[in-house]
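In order, the protein sequence lines correspond to chains Y and V. The first sequence begins at 1 in UniProt numbering and counts up by one. The second sequence begins at 1 in UniProt numbering and counts up by one. Report on the following structure.
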Amino acid sequence: MAIKERRIVYKHVDEEGYSNDIDCYIKNGGYEVQKKAFEAKPEDLRQEVLNSGLRGRGGAGFPTGMKWKFLDFKSGKPIYLVCNADESEPGTYKDRQLLYQDPHQLIEGMMISAFAIGAKQSFIYIRGEFINGARILEAAIEEARAKNLVGDNILGSDYSCDLIVHRGAGAYICGEETGLIESLEGKRGYPRIKPPYFPAALGLYMCPTIVNNVETLCQVKHIIDMGGEEFSKIGVKGDSGTHIMGVSGLVQKPGYFEIEAGACTFGELLYDGCGGPLPGRKFKAVIPGGLSMKILKWGERFKGKHPNTGEDFDWGVEDIPLDSISMGLCGTALSTGGAIIMDDSVDMLEAMANINAFYAHESCGQCTPCREGSLWMNKLSTRMTSGHGREQDVPLLLDIADQIAGRTICAHGEAAAWPVQSAVPKFKDEYLDKIKKQANGERYNPAGFPLI
Amino acid sequence: MDLSLELTEKIDKLIPRYPDKRSATLPLCHLIQEEKGYLSKESVEWIAAKLDLQPMQVWEVVTFYPMYRREPIGKVHVKVCRTLSCALRGSYKTCEKLEQALGCKRGETSHDGKFTIEFVECIADCGYAPVVQVDDKLYEKVTPDGKTDELIEKIKRMAEGESVDETPEGVKHPAFMG
Ligand SMILES: Cc1cc2nc3c(=O)[nH]c(=O)nc-3n(C[C@H](O)[C@H](O)[C@H](O)COP(=O)(O)O)c2cc1C
Ligand code: SF4
Ligand code: FES
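Laid out in structure tokens, this is it:
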């Protein structure tokens, strides 16, 4: 059975014969919404986005309309719009398709958003590794400029806004919006402390700034097209629109699917969308929305009362509806939609060591708990996979994680801690079992690939 | 410092586009690294002078970002993804195989100066794991079996200056055709 998709921003992704040039985009109705939007009042456009209930797709899921409302319009300083195309959260590969295959959709979404917030200048901060992506975007912007859709006096109006493609250089932390801003200012990507440095008030060059994800800004185009009310009817209460679920890891057919929020379950995604587990394997654990989110163990149950329906639920991982509200009820988050799937060939301790190594490498080093904690967790986890683990390392690992979360400048602290805080209690038996077996000189779970 | 005319023009056009000159630090580092292969002391000082900065302000950028390098690398730059989705599909083994075939360890350049291998973090193509980026091109599903052997052959040809695989990553890439 195929999975039921509802393609809005991914409408033309992988479409036979669709190309990323402006002629193809215009032939498919492109830039019509921008023309319509430029006849409206900016505050009305902002209201539509607020009415849509759209939540940001960069990870935190903050309501976009609300973020725009917090903009400091009175400061008299210029306002900036920045598209976050850093796509650095491991497991996430959704923005790549939009950038490479449909760049004009992003440009149109950005110009509408820039006009709505009165941005003086806009930027696309794209990760350094997307070098061809940056070239595609630059070419697309020049095409749009030639048609007076970007740049001076857009569409004959008195509104002007340039769009610059700015490449990052391989640092995960520049995906965090204040780290990104510092990087865009030409500095190290050290995140800023909030308060006071909320970008909507003190962002780029200490001016009011909106940072939104690629997918979020593409959605804006469709909100203005169909109207905020109409958009809010897609999905579920508290999470409107669609989610792009990008599945990776150990399934038969990894891939991406744009799904109406709440319209299918995790199980349908994994079995109908991705063909289920590899032959002879069973699912063991999933990380639903990018590496930083809390891990779910196949077989655990989630019970409670659903706030949207008022009904009791009793779910296994496979039953969880794919929307942010339901995912939140299970103690994790849908976040970027980058789902990483592990099966029974996976040695959980090695998987955790792999994850810890990532955060140890990517901590920017400003805060002691994150810098020292990430390194320490990495050391411990690696030791546990090399036959030198001790039983008391298990509570120690958890203890370190507990001391990072909530004590740092940016959410990298949580990102580093959450996988450990969720996996250690859920897989405690495996931790203890492996440590014991290795002490006896046995290899543990040799079926899967080495992960560290 | 001698830079190509083309690059000098590009730089002079780029800087005034930013509201603040200092913002051009990362782009200038990229552009000069692309032309010179790495960022030397001379390059850093040149960038600083160009942007009215202290050399230290450029150094701190160069030393923070993993993509900037202070030394030349091999003719072909091979980046294997290390992070979980790729590891689950065998990237550690893929990396080992590349190391053996190309004669250098991760983080190093081969003695003949032909290859540099890096074991990098997620490059946002996780559904096609394991992925290997060779210079500007992305290779997908490079499983440790025959797929890695095929890639090794290509990489060796690239080091001889041959051009292989005209299509860049992304559009028209076979992986996106289903
Ligand atoms: C460590 C870290 C990494 C992040 N990486 C990204 C990223 O690669 N792309 C992205 O859009 N948001 C990322 N974010 C979230 C951004 O800080 C920010 O919330 C987001 O860009 C806002 O856009 P949205 O409101 O459209 O979601 C990251 C956050 C943290 C803490
Ligand atoms: S939490 Fe970590 S990444 Fe974020 S600012 Fe502190 S040290 Fe840097
Ligand atoms: S984990 Fe390898 S590309 Fe994302």
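From the three backbone atoms N, C-alpha and C, an ideal C-beta is built for every residue, glycine too.
Boundaries of the beta strand (DSSP E) around E258 (chain Y): 255 to 260. If you ignore the 5 residues before and after R69 (chain V), its C-beta comes within less than 6 Å of the C-beta of Y38, all in its own chain and listed in chain order.
Chain Y places a beta carbon closer than 9 Å to that of Q133 (chain V), counting this residue as a contact. Within 8 Å of the CB of R69 (chain V), no CB atom of chain Y is found; the nearest one sits about 10 Å away.
Look at I223 (chain Y): its C-beta is not under 9 Å from any C-beta on chain V. If you draw a straight line from the Cα of K120 (chain Y) to the Cα of R57 (chain Y), it is about 24 Å long. Between F64 (chain V) and chain Y, the shortest Cβ-Cβ separation is below 9 Å. A contact between stretches requires three or more CB pairs, one per stretch, nearer than 8 Å, and the region 366 to 381 of chain Y fails this requirement with the region 308 to 318 of chain Y. Of the candidates Y:G189, Y:N20, Y:A146, Y:G189 places its Cα closest to the Cα of D86 (chain Y).
Against chain V, the CB of E185 (chain Y) has a partner CB under 9 Å away; the residue lies at that interface. Only residues of its own chain outside the window of five on either side were considered, and among them A119, K120, Q121, S122, F123, G203, L204, Y205, C207, P208, T209, I210 have a CB closer than 8 Å to the CB of Y80 (chain Y), listed in chain order.
Between D319 (chain Y) and A2 (chain Y), the CB-CB gap reaches or exceeds 9 Å. Its chain contains L380, R383, M384, I435 as the residues whose beta carbon lies nearer than 8 Å to that of D393 (chain Y), once the 5 sequence neighbours on both sides are disregarded; these appear in chain order. Interface criterion met: the Cβ of S91 (chain V) is under 9 Å from a Cβ in chain Y.
Put simply, the CB of S23 (chain V) is near chain Y, with a gap under 9 Å to one of its CB atoms. The three-state reading of DSSP puts G151 (chain Y) in strand, counting E and B together. Residue pairing of M342 (chain Y) in beta bridges, as defined by DSSP: Y:A285.
Per DSSP, N28 (chain Y) is not a residue of any alpha helix (DSSP H), being assigned neither H nor E. At a cut-off of 9 Å, the C-beta of S248 (chain Y) has a neighbouring C-beta in chain V.
Counting C-beta pairs closer than 8 Å gives three or more between the region 105 to 119 of chain Y and the region 146 to 154 of chain Y, which meets the contact rule. For the region 25 to 52 of chain V, the set of positions with a beta-carbon nearer than 8 Å to some beta-carbon of chain Y reads T25, L26, P27, C29, H30, L51 in chain order. In this structure, ligand 1 has no non-hydrogen atom nearer than 8 Å to the beta-carbon of R46 (chain Y). When the beta-carbon positions are compared, G337 (chain Y) and R22 (chain V) stay at least 9 Å from each other. Every residue with a CB closer than 6 Å to a heavy atom of ligand 2 is listed here in chain order: Y:I173, Y:P191, Y:S363, Y:C364, Y:G365, Y:Q366, Y:C367, Y:C370, Y:R371, Y:T408, Y:I409, Y:C410, Y:H412, Y:G413. At a cut-off of 9 Å between C-beta atoms, D402 (chain Y) does not count as an interface residue with respect to chain V. Of the heavy atoms belonging to ligand 1, at least one sits nearer than 8 Å to the Cβ of T92 (chain Y).
Shown here, V134 (chain V) sits in a strand according to DSSP, grouped into three states. Annotation for S122 (chain Y): the continuous beta strand (DSSP E) segment containing it runs 121 to 126. Within 9 Å of the CB of L84 (chain V), the CB atoms of chain Y belong to P90, G91, S248, G249, I287, L291, I340, M342, A351, N354, I355, F358, L451, in sequence order along the chain.
About 4 Å separates the beta carbon of G262 (chain Y) from that of D323 (chain Y), a gap short enough to meet the 8 Å contact definition. Rounded to whole angstroms, G90 (chain V) and W46 (chain V) show a C-alpha spacing of 43 Å. Within the region 200 to 231 of chain Y, those residues whose Cβ lies closer than 7 Å to any Cβ of chain V are, in chain order, Y205.
At least one heavy atom of ligand 1 lies closer than 8 Å to the C-beta of F62 (chain Y). Pairing E140 (chain V) with D344 (chain Y), the inter-Cα distance amounts to about 24 Å. Under the 9 Å criterion on CB atoms, A171 (chain Y) is classed as interfacial with respect to chain V.
Nearest in C-alpha terms to L45 (chain Y), of all of Y:W68, Y:A415, Y:Y25, Y:E32, is Y:W68.
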